[in-house]
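Numbering (my numbering), first residue to last: 90 to 161.
Let me begin by presenting the structure, written as structure tokens, before commenting on it.
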């Protein structure tokens, strides 16, 4: 069980790293702050809707509109 927990933690870190890369290529400046804001917005995301690439892009676009000071 412990090994599985470690694998889950490692995957979670990889996902956060990939999100940081996506935010960077979206023009993000303060990646750590943007990741926190992304997670806040994700918490508001309706659970009945599918979470996929389109939704991720929409969340990032929403961050760009809502928090332009964090983007180039």
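Each residue gets a CB set at the ideal place from its N, CA and C atoms; glycine is no exception.
All values reported here derive from a predicted model rather than from experimental measurement.
Hey, out of the options, whose CA is closest to residue i's CA?
| i | options | result |
| --- | --- | --- |
| residue 126 | 155, 94, 92, 95 | 155 |
| residue 161 | 104, 145, 112, 93 | 112 |
| residue 150 | 123, 132, 137 | 123 |
Buried or exposed: which applies to residue i, given that a residue is buried once 16 or more other Cβ atoms fall within 10 Å of its Cβ?
| i | result |
| --- | --- |
| residue 95 | exposed |
| residue 97 | exposed |
| residue 152 | buried |
| residue 108 | buried |
Per DSSP, which residues does residue i bridge with? Please list them.
| i | result |
| --- | --- |
| residue 159 | Per DSSP, none; premise fails for residue 159. |
| residue 117 | 160 |
So, for residue i: in the same chain, excluding its five sequence neighbours on each side, which residues have a beta-carbon less than 6 Å away from its beta-carbon?
| i | result |
| --- | --- |
| residue 130 | 148 |
In its own chain, which residues sit with a C-beta less than 7 Å from the C-beta of residue i, not counting the 5 before and 5 after it?
| i | result |
| --- | --- |
| residue 117 | 123, 159, 160 |
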